[in-house]
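**Q**
There are 2 protein chains.
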Amino acid sequence: MRIGELADRVGTTTRALRYYESRGLLPARRDGNGHRTYGEADVRLLEQIRTLQDFGFELEETRPFVECLRSGHPAGDACPASVAVYRRKLGELDALIGELTAVRAEVGAQLARAEQAMAGLAADAQAPGGPEPRCELSDAADATDVTDVAGLTDVAGLTDVRGVRG
Amino acid sequence: MRIGELADRVGTTTRALRYYESRGLLPARRDGNGHRTYGEADVRLLEQIRTLQDFGFELEETRPFVECLRSGHPAGDACPASVAVYRRKLGELDALIGELTAVRAEVGAQLARAEQAMAGLAADAQAPGGPEPRCELSDAADATDVTDVAGLTDVAGLTDVRGVRG
DNA sequence: GTAGGCCTTGACGTCGGCGTCAAGGCCAGA
DNA sequence: TCTGGCCTTGACGCCGACGTCAAGGCCTAC
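Chains as they are written, first to last, in this note's numbering: chain A, 1 to 166; chain B, 1 to 166.
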């Protein structure tokens, strides 16, 4: 099987496959014309890579799984190194979900306050009264400060909830 | 106040300020030497930008808030455009948190399976028996497929849970 | 013969938000 | 006067995972 066919079968591009090869993840044999040649085992390796990427794993993090498969194991996660990556990911996911949940709450609160303030202004326009209450973004933001937790390097390509500034 | 002082006061860098200016977010007056000059109002604008960035807003998304403040409103979110950004963000956050939660569950399940399989292998080593059960990553991954939902362009700098491939 | 389709390597482009030089100007204090 | 510190603009670097274009080779069908 040549590169185009493999890419089609797994639903990716030839460019991606060459990229993986350049990273040493998915080496290929060559035929007489210098064309890359792949077998069924490579389909499995590639599927493993793609599945993990869909979960948001970085390419480097898929390496243990790929090597595990290549060393003859029936599954990519049948090796300690792979399991370790799973564990790390879980931790990152939990941290990230926690941060996002905190941010969500904060933004939700700001939205509610802003809407209330605007409603108040509208009401004032109807029946003029006193001035409006402040509605600056709370300093809780600094406390909640959704900061790059524990080297959360793209948990799912979705990290980077802002790094420490200063 | 000059650029260095402003940066210090808000806890950012002169580079960032010049960048914001290049984006038209934080224009500055100049003194006789061509040096940038800022006032207290600029401190508030910059704080608004930084607070939102901490929440994971993209720079462009802070623009309505900044313009709102500059147009004389007491708060950056006292304008409809700002409120609209809040709403959009909430939706993106909810979607992202949902995706991450699904991924977390999936990865957690895989981890459990992998650990159980390895424990089984260890047990077999002790008391040899039958072969091991499969433990490939489930196809649920394709269903759950954490894919770029609704143009989730960096909800918090944390988007990109993988775009559609193909 | 030639058009089409697959393959090859090489290399620059993308996106965001700056970091990090480089080369130089202006001003204050010792 | 010289050193140090602040400022200026310009421009390349970074990161990840490729997209995309360029220039060319091989093979096949018509």
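Where is the CB? At the ideal position from N, CA and C, for every residue including glycine.
1) Name the two residues that bound the continuous alpha helix (DSSP H) containing B:C79.
2) Would you please verify whether the beta carbon of A:R63 is less than 7 Å from any beta carbon of chain B?
3) Which residues of the segment 82 to 102 of chain A have a Cβ closer than 9 Å to any Cβ of chain B? Give them in chain order.
4) Verify whether the separation of the beta carbon atoms of B:Y19 and B:L26 is less than 7 Å.
5) Could you check what DSSP says for B:R23 in three-state terms: helix, strand or coil?
6) Alpha carbon to alpha carbon, what distance is there between A:A7 and A:E99?
7) For A:T159, does the count of other Cβ atoms within 10 angstroms reach 16, so buried, or fall short, so exposed?
8) Looking only at its chain, what residues have a beta carbon closer than 7 Å to the beta carbon of B:V43, apart from the 5 residues adjacent to it on each side?
9) Within 7 Å of any Cβ in chain A, is that where the Cβ of B:R104 sits?
10) Taking its Cβ as the centre, do 16 or more other Cβ atoms sit within 10 Å of A:G24, making it buried, or is it exposed?
11) Threshold first: 3 residues or longer. Then list the beta strand (DSSP E) segments lying entirely within the segment 92 to 120 of chain A, N to C.
12) Take the Cβ of A:A114 as the centre, count every other Cβ of all protein chains shown within 10 Å, and call the residue buried at 16 or more, exposed below.
13) When we look at the beta-carbon of B:D31 and count the other beta-carbons within 10 Å, is it buried (16 or more) or exposed?
14) Spatial neighbours of B:Q48 within its chain, please: CB distance less than 8 Å, with the 5 preceding and 5 following residues excluded, ordered by chain position.
15) In this structure, does DSSP put B:T37 in helix, strand or coil?
16) Under 7 Å between C-beta atoms, does A:A114 make it to chain B?
17) Residues of chain A with CB closer than 8 Å to the CB of B:A28, please, in chain order.
18) Can you check DSSP and say which residues form a bridge with A:R29?
19) Have a look at B:L17 and B:R29 and give me their C-alpha separation to the nearest angstrom.
20) How far does the alpha helix (DSSP H) with B:T62 in it extend, from its first residue to its last?
**A** Walking through what the data contain:
1) The count along the second sequence starts at 1 and reaches residue 79 of chain B at position 79. Note, B:C79: premise wrong, no alpha helix (DSSP H); not H, not E.
2) On the first sequence, residue 63 of chain A is found 63 positions in, with the first residue counted as 1. Chain B, which has no Cβ nearer than 7 Å to the Cβ of A:R63, makes this no.
3) S82, V83, Y86, R87, K89, L90, L93, D94, L96, I97, E99, L100, T101
4) As a first step, residue 19 of chain B is located in the second sequence; it is residue number 19 there, counting from the start. As a first step, residue 26 of chain B is located in the second sequence; it is residue number 26 there, counting from the start. If you check the CB distance, B:Y19 and B:L26 do not come in under 7 Å.
5) In the second sequence, the residue the question calls residue 23 of chain B occupies position 23. Three-state result, B:R23: coil.
6) As a position in the first sequence, residue 99 of chain A is number 99, starting the count at 1. As a position in the first sequence, residue 7 of chain A is number 7, starting the count at 1. Their backbone Cα atoms lie some 37 Å apart in a straight line.
7) In the first sequence, counting from the first residue as 1, residue 159 of chain A sits at position 159. The predicted position of A:T159 is uncertain, since its pLDDT is 46 and thus under 50; a value taken from the coordinates is nonetheless stated next. When all chains shown are included, A:T159 counts as buried.
8) Looking up residue 43 of chain B in the second sequence gives position 43. Here the set comprises L6, R9, V10.
9) As a position in the second sequence, residue 104 of chain B is number 104, starting the count at 1. Taking Cβ atoms only, chain A reaches closer than 7 Å to B:R104, which makes this a yes.
10) Your numbering for residue 24 of chain A matches position 24 in the first sequence. With fewer than 16 other Cβ atoms within 10 Å, it is exposed.
11) none
12) Locating residue 114 of chain A in the first sequence gives position 114, counting from the first residue. A:A114 comes out buried.
13) The residue labelled residue 31 of chain B in the question sits at position 31 within the second sequence. By the C-beta density criterion, B:D31 is exposed, having fewer than 16 other C-beta atoms within 10 angstroms.
14) Within the second sequence, the letter at position 48 stands for residue 48 of chain B. If we look at B:Q48 and ignore the five residues flanking it on each side, its Cβ neighbours are T62, F65, V66, L69, G76.
15) Working through the second sequence from its first residue, we reach residue 37 of chain B at position 37. Looking at B:T37 - three-state DSSP - the assignment turns out to be strand.
16) Start at 1 with the first residue of the first sequence, and residue 114 of chain A comes out as number 114. Closer than 7 Å to some Cβ of chain B, the Cβ of A:A114 qualifies, so yes.
17) The residue you call residue 28 of chain B lines up with position 28 of the second sequence. The premise fails here: B:A28 is roughly 20 Å from chain A at the closest Cβ pair, so nothing lies under 8 Å.
18) Against the first sequence, residue 29 of chain A aligns to sequence position 29. According to DSSP, which records beta bridges pairwise, A:R29 is partnered with A:T37.
19) Counting from 1 along the second sequence, the entry for residue 17 of chain B is found at position 17. Counting from 1 along the second sequence, the entry for residue 29 of chain B is found at position 29. Distance between the alpha carbons of B:L17 and B:R29: 13 Å.
20) Indexing the second sequence from 1 puts residue 62 of chain B at position 62. Unbroken alpha helix (DSSP H) run through B:T62: 59 to 70.
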